[in-house]
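Protein chains: 2
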Amino acid sequence: MQGNVLVVHGGGPTAVINASLYGVIEQAKESGAVDKVYAAMGGSEGILKEDFLDLLQFPEERLKLLLETPATAIGSSRYALEQEDYDAMPAIFQKYNIRYVLLNGGNGTMDTCGKIYAACKESGVTVVGIPKTIDNDIAITDHTPGYGSAARYIAATTAEVGVDVKSLPIHVCVIEAMGRNAGWITAASALARKNPGDAPHLIYLPERVFNEEEFLEDVKKLYDEKGGVVVVASEGLRGPDGEPIVPPIFKCGRATYYGDVSAHLANLVIQKLGIKARNEKPGICGRASIAWQSPVDQAEAVLAGREALKAAMEGVGGVMIGFIRDENEDGHYSIHLKRIPIEEVMMYERIIPDNYINERGNDVTQEFVDWCRPLIGPELRDFIDFHDERKKLEQ
Amino acid sequence: MQGNVLVVHGGGPTAVINASLYGVIEQAKESGAVDKVYAAMGGSEGILKEDFLDLLQFPEERLKLLLETPATAIGSSRYALEQEDYDAMPAIFQKYNIRYVLLNGGNGTMDTCGKIYAACKESGVTVVGIPKTIDNDIAITDHTPGYGSAARYIAATTAEVGVDVKSLPIHVCVIEAMGRNAGWITAASALARKNPGDAPHLIYLPERVFNEEEFLEDVKKLYDEKGGVVVVASEGLRGPDGEPIVPPIFKCGRATYYGDVSAHLANLVIQKLGIKARNEKPGICGRASIAWQSPVDQAEAVLAGREALKAAMEGVGGVMIGFIRDENEDGHYSIHLKRIPIEEVMMYERIIPDNYINERGNDVTQEFVDWCRPLIGPELRDFIDFHDERKKLEQ
Numbered sequence: 003m004q005g006n007v008l009v010v011h012g013g014g015p016t017a018v019i020n021a022s023l024y025g026v027i028e029q030a031k032e033s034g035a036v037d038k039v040y041a042a043m044g045g046s047e048g049i050l051k052e053d054f055l056d057l058l059q060f061p062e063e064r065l066k067l068l069l070e071t072p073a074t075a076i077g078s079s080r081y082a083l084e085q086e087d088y089d090a091m092p093a094i095f096q097k098y099n100i101r102y103v104l105l106n107g108g109n110g111t112m113d114t115c116g117k118i119y120a121a122c123k124e125s126g127v128t129v130v131g132i133p134k135t136i137d138n139d140i141a142i143t144d145h146t147p148g149y150g151s152a153a154r155y156i157a158a159t160t161a162e163v164g165v166d167v168k169s170l171p172i173h174v175c176v177i178e179a180m181g182r183n184a185g186w187i188t189a190a191s192a193l194a195r196k197n198p199g200d201a202p203h204l205i206y207l208p209e210r211v212f213n214e215e216e217f218l219e220d221v222k223k224l225y226d227e228k229g230g231v232v233v234v235a236s237e238g239l240r241g242p243d244g245e246p247i248v249p250p251i252f253k254c255g256r257a258t259y260y261g262d263v264s265a266h267l268a269n270l271v272i273q274k275l276g277i278k279a280r281n282e283k284p285g286i287c288g289r290a291s292i293a294w295q296s297p298v299d300q301a302e303a304v305l306a307g308r309e310a311l312k313a314a315m316e317g318v319g320g321v322m323i324g325f326i327r328d329e330n331e332d333g334h335y336s337i338h339l340k341r342i343p344i345e346e347v348m349m350y351e352r353i354i355p356d357n358y359i360n361e362r363g364n365d366v367t368q369e370f371v372d373w374c375r376p377l378i379g380p381e382l383r384d385f386i387d388f389h390d391e392r393k394k395l396e397q
Numbered sequence: 003m004q005g006n007v008l009v010v011h012g013g014g015p016t017a018v019i020n021a022s023l024y025g026v027i028e029q030a031k032e033s034g035a036v037d038k039v040y041a042a043m044g045g046s047e048g049i050l051k052e053d054f055l056d057l058l059q060f061p062e063e064r065l066k067l068l069l070e071t072p073a074t075a076i077g078s079s080r081y082a083l084e085q086e087d088y089d090a091m092p093a094i095f096q097k098y099n100i101r102y103v104l105l106n107g108g109n110g111t112m113d114t115c116g117k118i119y120a121a122c123k124e125s126g127v128t129v130v131g132i133p134k135t136i137d138n139d140i141a142i143t144d145h146t147p148g149y150g151s152a153a154r155y156i157a158a159t160t161a162e163v164g165v166d167v168k169s170l171p172i173h174v175c176v177i178e179a180m181g182r183n184a185g186w187i188t189a190a191s192a193l194a195r196k197n198p199g200d201a202p203h204l205i206y207l208p209e210r211v212f213n214e215e216e217f218l219e220d221v222k223k224l225y226d227e228k229g230g231v232v233v234v235a236s237e238g239l240r241g242p243d244g245e246p247i248v249p250p251i252f253k254c255g256r257a258t259y260y261g262d263v264s265a266h267l268a269n270l271v272i273q274k275l276g277i278k279a280r281n282e283k284p285g286i287c288g289r290a291s292i293a294w295q296s297p298v299d300q301a302e303a304v305l306a307g308r309e310a311l312k313a314a315m316e317g318v319g320g321v322m323i324g325f326i327r328d329e330n331e332d333g334h335y336s337i338h339l340k341r342i343p344i345e346e347v348m349m350y351e352r353i354i355p356d357n358y359i360n361e362r363g364n365d366v367t368q369e370f371v372d373w374c375r376p377l378i379g380p381e382l383r384d385f386i387d388f389h390d391e392r393k394k395l396e397q
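First to last, the sequence lines map onto chains U and H. In this text, residue positions in the first sequence follow the numbering used here: the first is 3, and each later residue adds one. In this text, residue positions in the second sequence follow the numbering used here: the first is 3, and each later residue adds one.
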């Protein structure tokens, strides 16, 4: 029996959400049992507006661009669905002969996914989740599509900034990384290091209470030693009182706006240590970077899209596709896919475990680096520095 | 007669300063008349400390890394030389049989270059300048090595952020670009555009007095139309009073510290328009980006290095190597090199001319785009957006 597929994107973009969409399309073509792959244009609102576009009508050479297009090519939203919205969906799906609904997103979208699944259970529509978030904070899965690329971006960028700061070592440079509650991206900056002494020199994660005194002590010591210090800090750092370390600037409606953590830390260094400091906040430049897209991440995102449709066509709904890392004896990296009941996923936000953070809370451990390494893809470029070359000659 | 070369790097790094160094090394090898290519380690201070490293002792495969190593592989400094420092140099150069001194840097370094030239005139040492600055603010030359890569970075990054903001169009995103007095980098963000309506939607240059009212008016209008707006603003914007638009945060010694322009503008949008806004400030991530290094810029940087040594070996000192753009009938891009008397270069800081800025002062003109286009190298990636694909189908 032929049926149609509907793909819905939710929440903030990543560098590979479109790669998962490409996987769904390719899987649909190969299955020979799908008439149309509809996109809900503009996210979940697109469902209610019945704003569907069949992607199978576009030629393969256009569709292939999905693999290297950041953000989402079909739009997304942060629209909060109400119960009546869910109730309306089965009839809409029936109208368009949609039998498989795939929701691609983070924790919030997986919650939506579970609710659409519940609303459609009786109607024969199968609902499956595809994980996606740069934040890597979804439970159970080893990691999420989107994270590997965000990790590659921050590692490569920190390496480049590190070389810059080292070559004119007159200041402290604070790089702000995305991830408000979970420090996975911030932590991945450690992958910038190739040699002892390489940047980043200090890493501050939201999983640890930020201690201003220790921070200034650590920066001062490193500055005295090196002249140039690179700090990578999460945008979500909080102090002992549980409040963001940056004082709120103003309130607007229900939202409170804070300044940038990186600017705050740079200002602390200038004011309290009298050391020149600056801050970089690449922000969205990171999650949208195709130059630093991880090929591993891209391939896994395609795979997750394919598997989601496979599961749906086998009638396995109410699950999210997850990655389980294989424990290979020779240590090589591989994963297998798992269909994880959506309610297990929705239970918690995954933060960095203790064994990945060093004791002083200003760096990650080798265990984290080993875990993260395969996700970012090929080795980063080698740079040359003649101070180091000279040292090698002298040895 | 054999002689040695000394290369000195000054000021802030770029993505291709090392490429010019590579050009010098290759030219020296090919000349057959150079024994050693010394690097002054750590910039001009390295001269006074006689901290010289012969780069010809390293194998070609290591030296080749210079082409794709950001910042400077031999170090730089912002050390201000005194008259007695200049006076000491001829004897140092003689001691090491240094006959050709090449200074690579921006306006400040060219000033130093002129002074070393004057100090060495009698001693038979030839001093030549190699231009280098992401800011593109050196006079007479059509553009400077380092600019094309900084321009490619901001164009590509703005394109990626533009796609991100468009796919979840719920806010105004302000990207801050480097270049405090000259808006060349900020302006290059316009190269992100491929189709009408593409980001950046507004561009604010330091060459124009920033008008807060007009800014808010323009943002509001675009937000009402699109939902997602991308603004690119120079870090050096100033108001009608000539002061930076960001109020000073604090003073430290002689320096006054200001907050980030991008954060300031985003806050204005939130507070005065009640529209969600965020700011990105890639900063050093831009000037150190090898992923977005412009191949045209790299090739020209190598060329400038080669030509500097050629000029020096021909005994033509007191000049800076500049680029003159050829006026080709078929419009194709090419340059020829010019040896520009250093005192002409030192006369002024080159800012964006009026014909490159639109009347309202919130964008560049097509003339600027045409001028800048060849410098950033190959076409940027095509992205796919199914809202646009649908429109094309409907036409």
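Beta carbons: idealized from backbone N, C-alpha and C, even for Gly.
Following the DSSP letters along the chain, one finds histidine 266 of chain U inside the alpha helix (DSSP H) bounded by residues 263-275. Judged by DSSP secondary structure, isoleucine 187 of chain U falls within the alpha helix (DSSP H) whose first and last residues are 186-190. For serine 33 of chain U, the closest of U/Val103, U/Leu23 and U/Gln4 by C-alpha to C-alpha distance is U/Gln4. With a 10 Å radius around the Cβ and a threshold of 16 neighbouring Cβ atoms, phenylalanine 252 of chain U comes out exposed. One Cα belongs to aspartate 387 of chain U, the other to aspartate 166 of chain U, and the distance between them is close to 11 angstroms. Among the residues of chain U, those whose CB is under 9 angstroms from the CB of phenylalanine 388 of chain H are Ala41, Met43, Leu55, Leu57, Phe60, Ala75, Ile76 and Gly77, following chain order.
By the Cβ neighbour-count rule, isoleucine 342 of chain U is buried, with 16 or more other Cβ atoms within 10 Å of its own.
For the pair of segments examined, the region 197-209 of chain U was found not to touch the region 134-145 of chain U: the number of CB pairs separated by less than 8 angstroms stays below three. By a beta-carbon distance limit of 8 angstroms, leucine 104 of chain U contacts valine 26 of chain U. Their separation comes to about 6 angstroms.
Straight-line measurement puts the Cα of alanine 35 of chain H at about 50 angstroms from the Cα of leucine 275 of chain U.
Using a Cβ-Cβ cut-off of 8 angstroms, leucine 67 of chain U is close to Asp384, Phe385 and Ile386 of chain H, given in chain order. Shortest Cα-Cα distance from glutamate 84 of chain U to any of U/Thr114, U/Ile94, U/Leu58 and U/Tyr102 involves U/Thr114. Under a criterion of Cβ atoms nearer than 9 angstroms, the residues of chain U adjacent to arginine 64 of chain H are, in order, Ile386 and Glu391. Distance from the CA atom of valine 129 of chain U to the CA atom of alanine 120 of chain U, rounded to whole angstroms, is 9 angstroms. Proximity to valine 271 of chain U across U/Arg64, U/Glu214 and U/Gly199 peaks at U/Glu214, based on C-alpha coordinates. For serine 33 of chain U, the enclosing alpha helix (DSSP H) covers residues 19-33. Counting C-beta atoms within 10 angstroms of its own C-beta, serine 336 of chain H has fewer than 16 neighbours from the protein chains shown and is therefore classed as exposed. Around the beta carbon of asparagine 360 of chain H, fewer than 16 other beta carbons sit within 10 angstroms, so the residue counts as exposed. Contact fails between the region 177-197 of chain H and the region 216-231 of chain H, because fewer than three Cβ pairs, one in each stretch, are under 8 angstroms apart.
Contact annotation: in the region 264-279 of chain U, residues whose CB is within less than 7 angstroms of a CB in chain H are Ala265, Asn269, Ile272, Gln273 and Gly276.
Closest in C-alpha terms to isoleucine 344 of chain H, from the list H/Lys117, H/His266, H/Val39 and H/Met91, comes H/Lys117. Here the C-alpha atom of histidine 338 of chain H lies approximately 53 angstroms from the C-alpha atom of arginine 308 of chain U. Annotation: Cβ neighbours of arginine 80 of chain H in chain U (cutoff 8 angstroms, chain order): Leu170 and Ile172. Between phenylalanine 54 of chain H and alanine 41 of chain H, the alpha-carbon positions lie close to 5 angstroms from each other.
Contact annotation, alanine 73 of chain U with tyrosine 350 of chain U: C-beta distance approximately 27 angstroms; criterion of less than 8 angstroms not satisfied. Out of U/Pro284, U/Val298, U/Asp384 and U/Lys51, the CA that lies nearest to the CA of methionine 180 of chain H is found in U/Pro284. The three-state reading of DSSP puts aspartate 387 of chain H in coil, since its state is none of H, G, I, E or B. For phenylalanine 252 of chain H, the neighbours in chain U by C-beta distance under 8 angstroms run, in chain order, Asn269, Ile272 and Gln273. Only residues of its own chain outside the window of five on either side were considered, and among them Gly379 and Pro380 have a CB closer than 8 angstroms to the CB of proline 297 of chain H, listed in chain order.
In the DSSP assignment, glutamate 369 of chain U falls within the unbroken alpha helix (DSSP H) covering 368-374.
Counting only runs that start and end inside the region 43-131 of chain U, the alpha helix (DSSP H) elements of at least 4 residues fall at 46-50, 62-65, 85-97 and 109-122. Contacts with chain H at 8 angstroms (Cβ-Cβ) do not include glutamate 28 of chain U. Following the DSSP letters along the chain, one finds valine 10 of chain U in no alpha helix (DSSP H) but inside the beta strand (DSSP E) bounded by residues 5-11. Annotated three-state conformation of threonine 159 of chain H is helix, per DSSP. From the beta-carbon of arginine 289 of chain U, the residues of chain H found nearer than 8 angstroms are Asp166. With contacts defined by Cβ atoms closer than 8 angstroms, threonine 71 of chain U and glycine 108 of chain U do not form a contacting pair.
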